[in-house]
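K.L.:
Protein sequences, first through last, are from chains A and B. If you read the first sequence in the UniProt record's numbering, its first letter stands for residue 1, the second for the next number, and so on. If you read the second sequence in the UniProt record's numbering, its first letter stands for residue 1, the second for the next number, and so on. We put the CB at the ideal spot given by N, CA and C, even for glycine.
2 protein chains.
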Amino acid sequence: MTLTNNSKRRKELVAIAARLFCEQGYERTTVRMLADAMGIKSGSLFHHFNDKQEILCAVIQDGMESAMTIADQALEGLTQPKERFKALARAHLSTLLNDRNAHVVALYEWRSLTDESLSVLIDMRDRYEQLWQQVIDDCVETGLIKGDQPLIRRFALGALNWTVQWYDADGEKTPDDLAQALGELIGLG
Amino acid sequence: MTLTNNSKRRKELVAIAARLFCEQGYERTTVRMLADAMGIKSGSLFHHFNDKQEILCAVIQDGMESAMTIADQALEGLTQPKERFKALARAHLSTLLNDRNAHVVALYEWRSLTDESLSVLIDMRDRYEQLWQQVIDDCVETGLIKGDQPLIRRFALGALNWTVQWYDADGEKTPDDLAQALGELIGLG
DNA sequence: TTTCAAATCTAGCGCTTGCTTGGTTTTTGG
DNA sequence: CCAAAAACCAAGCAAGCGCTAGATTTGAAA
């Protein structure tokens, strides 16, 4: 196998792993559980991944890539700070709640990553946060919001990320409703 | 041993366990690591706790009790909704960042609890959230904030809980600064 | 049809895990 | 000072863990 294999089969396996890691946590999910859910024997898993930790890394990486792509698309063509903020919040909630498995894993399980995997993922996360920071900086500079800019970013992302703890997809509120509500709460009616 | 032993020794052990669980996660922390850090042999651990999971439960329980106590104290004597909100936010950040170990564990590791432990802790959490809900309801009813009330509570607690991910105790901002900043962000200057 | 790599299986190794048991030391209350 | 209780230790068991090695099957290209 190649080190960073991106075959279709591998993507499928990663999605299955994401579900199990999300449901039971990384450490409690054994390679045998993963293999069972994938319909193969545990030994065969190591044809696709060098070790268990690599599966975890792949899950988180897929989630982050998807978040980045959707955020970029959402901002395309928008110039007004207020609209950009609201679009970014909608995009964030959209990935967060659609690719929920991967994102829950990313939020909960990064401590099980090797330093090497971690540094790759931290780079991705930093790039994503920079996107947010620019949008928030614009809101502050045009006087739409007041306050310490990095702090606002952290509060906003905290409020949004926390939704995975309580959001019910079968409920009445859509992710877009939530994004709108957050905008209103911080004065971006 | 009694089932819910609350001896001083046990409290010490729970605090040590909180540190290890916070640093490495519950599943990655072995009973041997715990025993080493406590200065005893791994077998002796089971004189104080029936099983490993009970240690986790005790860690979270201690954290929640402390949060509840501090919140009650903070609200005592305050009647103005705005002041009550800000006091509650200060209290929340104060426990969150002082008893950080226990609270990080509570946020990250509840999936490793048995159903029995979980139901006890969920009751405590619900009571705590009710405290927040009342304060927020007052703010909305007196026109200080606008929006869906449970949603505001969730956004606020999300923003606050997320601080454990990035807050640096050696930095320039105090927990009180953060509480103040959150208040300003949602229009409670 | 032959070839060859990718994908899978079979079988199990070496190690760690949570936890138990039975005995010893330390602490404490009368 | 002494007995009972609490705390601890030494030794190890049974189960499960991540992972490996070598053989076998599958599937597409030549």
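Select from the stretch 126 to 152 of chain A all residues with a C-beta closer than 8 Å to any C-beta belonging to chain B, and list them in chain order.
P.N.:
Of all residues in the stretch 126 to 152 of chain A, those with a C-beta nearer than 8 Å to a C-beta of chain B are I145, K146, G147, D148, L151, I152, reading in chain order.
K.L.:
So with Cβ pairs under 8 Å, would you call A:F155 a contact of chain B?
P.N.:
Walking along the first sequence from the start, residue 155 of chain A turns up at place 155. Residue-level contact by beta carbon holds for A:F155 and chain B, with a gap shorter than 8 Å.
K.L.:
Beta-carbon separation of A:T95 and A:A58 under 8 Å?
P.N.:
The residue labelled residue 95 of chain A in the question sits at position 95 within the first sequence. The residue labelled residue 58 of chain A in the question sits at position 58 within the first sequence. Not closer than 8 Å, so no.
K.L.:
So the candidates are B:Y167, B:A179, B:L144, B:T142; which of them puts its Cα closest to the Cα of B:A156?
P.N.:
The count along the second sequence starts at 1 and reaches residue 156 of chain B at position 156. For B:A156, the nearest C-alpha among the options comes from B:A179.
K.L.:
Alpha helix (DSSP H) containing A:Q133: first to last residue?
P.N.:
Residue numbering aside, residue 133 of chain A sits at position 133 when the first sequence is read from its first letter. Residues 115 to 141.
K.L.:
Which runs of the alpha helix (DSSP H) fall wholly inside the stretch 62 to 99 of chain A and span at least 4 residues, in chain order?
P.N.:
81 to 98
K.L.:
So B:I55 and B:V104 are supposed to be a Cβ contact under 8 Å. How far apart are they, rounded?
P.N.:
Position 55 of the second sequence, counted from the start, is the residue given in the question as residue 55 of chain B. Position 104 of the second sequence, counted from the start, is the residue given in the question as residue 104 of chain B. B:I55 to B:V104, Cβ: 15 Å. No contact.
K.L.:
Counting only beta-carbon separations shorter than 8 Å, does B:S112 have a partner in chain A?
P.N.:
In the second sequence, counting from the first residue as 1, residue 112 of chain B sits at position 112. At least one chain A Cβ lies under 8 Å of B:S112.
K.L.:
Using alpha carbons as the reference points, say which of B:H48, B:E172, B:H47, B:L121 lies closest to B:D62.
P.N.:
To locate residue 62 of chain B, count along the second sequence from 1; it is residue 62. Here the closest residue by C-alpha is B:L121.
K.L.:
Please go through the same chain and pick out, in chain order, the residues whose beta-carbon is closer than 6 Å to the beta-carbon of B:V135, but skip the five residues on each side of it.
P.N.:
Your numbering for residue 135 of chain B matches position 135 in the second sequence. Taken in chain order, the residues that qualify are R84, F85, L88.
K.L.:
Quick check: the Cα distance between A:L3 and A:N50, rounded to an integer number of angstroms?
P.N.:
As a first step, residue 3 of chain A must be located in the first sequence, where it is residue number 3. As a first step, residue 50 of chain A must be located in the first sequence, where it is residue number 50. Caution applies to A:L3, whose pLDDT of 44 falls short of 50 and renders its modelled position unreliable; the value that the coordinates give is listed next. Rounded to the nearest angstrom, the two C-alpha atoms are 8 Å apart.
K.L.:
Spell out whether any CB of chain A is found under 8 Å from the CB atom of B:A159.
P.N.:
Counting from one through the second sequence, the residue named residue 159 of chain B turns up at place 159. Closer than 8 Å to some Cβ of chain A, the Cβ of B:A159 qualifies, so yes.
K.L.:
Whole-angstrom Cβ separation of A:E184 and A:R153, contact assumed at under 8 Å?
P.N.:
The sequence position of residue 184 of chain A within the first sequence is 184, counting from 1. The sequence position of residue 153 of chain A within the first sequence is 153, counting from 1. Incorrect: roughly 18 Å between the Cβ atoms, too far for contact.
K.L.:
Provide the residue span of the alpha helix (DSSP H) that contains A:R9, from first to last.
P.N.:
Along the first sequence, read from residue 1 onward, the residue named residue 9 of chain A stands at position 9. 8 to 24 is the span of the alpha helix (DSSP H), which, as asked, contains A:R9.
K.L.:
Kindly indicate which residue of B:V164, B:D168, B:P175 has the alpha-carbon position closest to the one of B:C22.
P.N.:
In the second sequence, the residue the question calls residue 22 of chain B occupies position 22. Closest option to B:C22, Cα to Cα, is B:V164.
K.L.:
Find out if the Cβ-Cβ distance for the pair B:L188, B:L160 is shorter than 8 Å.
P.N.:
If you number the second sequence from 1, residue 188 of chain B lands on position 188. If you number the second sequence from 1, residue 160 of chain B lands on position 160. It is not a contact, given that the beta carbons lie outside the stated cut-off.
K.L.:
Can you grab the Cα-Cα spacing for the pair A:I60 / A:S117, in whole Å?
P.N.:
As a position in the first sequence, residue 60 of chain A is number 60, starting the count at 1. As a position in the first sequence, residue 117 of chain A is number 117, starting the count at 1. Looking at the two C-alpha atoms, the distance is approximately 10 Å.
K.L.:
Nearest to A:D115 by alpha carbon, out of A:Q53, A:A91, A:P150, A:L75?
P.N.:
Within the first sequence, residue 115 of chain A is the residue found at index 115, counting from 1. Comparing Cα positions, the closest option is A:Q53.
K.L.:
Tell me which residues of the UniProt domain "HTH tetR-type" (7 to 67) of chain B have at least one Cβ-Cβ distance to chain A shorter than 9 Å, keeping chain order.
P.N.:
E23, Q24, G25, Y26, E27, R28
K.L.:
For chain B, find out if any of its Cβ atoms is closer than 8 Å to the Cβ of A:L121; answer yes or no.
P.N.:
In the first sequence, counting from the first residue as 1, residue 121 of chain A sits at position 121. No, no contact with chain B.
K.L.:
Between the alpha carbons of B:D177 and B:I16, how many angstroms are there, rounded?
P.N.:
Here residue 177 of chain B corresponds to residue number 177 of the second sequence, with the count starting at 1. Here residue 16 of chain B corresponds to residue number 16 of the second sequence, with the count starting at 1. Cα to Cα, B:D177 sits roughly 29 Å from B:I16.
K.L.:
Is B:L3 helix, strand or coil by DSSP?
P.N.:
As a first step, residue 3 of chain B is located in the second sequence; it is residue number 3 there, counting from the start. Interpretation of B:L3 is limited by its pLDDT of 44, a score under 50 that renders its predicted location unreliable; no figure is taken from the coordinates.
K.L.:
Taking the Cβ atom as the reference point for each residue, do A:I186 and B:I186 lie within a distance shorter than 8 Å?
P.N.:
By 1-based counting over the first sequence, the position of residue 186 of chain A is 186. By 1-based counting over the second sequence, the position of residue 186 of chain B is 186. In contact: A:I186 and B:I186 (Cβ atoms closer than 8 Å).
K.L.:
Does A:A106 pass the burial test, meaning 16 or more other C-beta atoms within 10 Å, or should it be called exposed?
P.N.:
In the first sequence, the residue the question calls residue 106 of chain A occupies position 106. Classification of A:A106: buried, given that the 10 Å Cβ count is 16 or more.
K.L.:
Closer than 8 Å, CB to CB, is B:L185 near chain A or not?
P.N.:
For the purposes of this step, residue 185 of chain B is taken as residue 185 along the second sequence, with counting starting at 1. Interface residue, yes.
K.L.:
Under 8 Å between the Cβ atoms of residue 201 of chain A and A:N98?
P.N.:
Given that chain A is displayed from residue 1 to residue 189, the structure contains no residue 201 of chain A and the question cannot be resolved.
K.L.:
Looking at the C-beta of A:L3, does it have a partner C-beta in chain B at a distance below 8 Å?
P.N.:
One-based indexing of the first sequence puts residue 3 of chain A at position 3. Residue placement at A:L3 is flagged as unreliable, the pLDDT there being 44, under the threshold of 50; the coordinate-derived value follows with that caveat. Taking CB atoms only, A:L3 has no neighbour in chain B less than 8 Å away.
K.L.:
Would you mind sorting A:S112 into buried or exposed? The rule is 16 or more other CB atoms within 10 Å of its CB.
P.N.:
Position 112 of the first sequence holds residue 112 of chain A. By the neighbour-count rule (16 or more Cβ atoms within 10 Å), A:S112 is buried.
K.L.:
To the nearest angstrom, how far is the alpha carbon of A:Q24 from that of B:E65?
P.N.:
The residue given as residue 24 of chain A occupies position 24 in the first sequence. The residue given as residue 65 of chain B occupies position 65 in the second sequence. Going by the C-alpha atoms only, they are around 26 Å apart.
K.L.:
Between A:K146 and B:G143, what straight-line distance do the alpha-carbon atoms span, to the nearest angstrom?
P.N.:
For this step, residue 146 of chain A is matched to residue 146 along the first sequence. For this step, residue 143 of chain B is matched to residue 143 along the second sequence. So the two alpha carbons sit approximately 20 Å from each other.
K.L.:
Here's the rule: buried if 16 or more other CB atoms are within 10 angstroms of the residue's CB, otherwise exposed. What is B:G39?
P.N.:
Counted from its first residue, the second sequence places residue 39 of chain B at position 39. Flag for B:G39 reads exposed.
K.L.:
Please name the residue, chosen from B:R9, B:Y108, B:R127, B:T29, that lies closest to B:D72 on a Cα-to-Cα basis.
P.N.:
Residue 72 of chain B sits at position 72 when you count from the first residue of the second sequence. The residue with the shortest Cα to Cα distance from B:D72 is B:R127.
K.L.:
Give the interface partners of B:A181 over in chain A, defined as CB-CB distance under 7 Å, in chain order.
P.N.:
Walking along the second sequence from the start, residue 181 of chain B turns up at place 181. Chain A residues near B:A181: G147, D148, L151.
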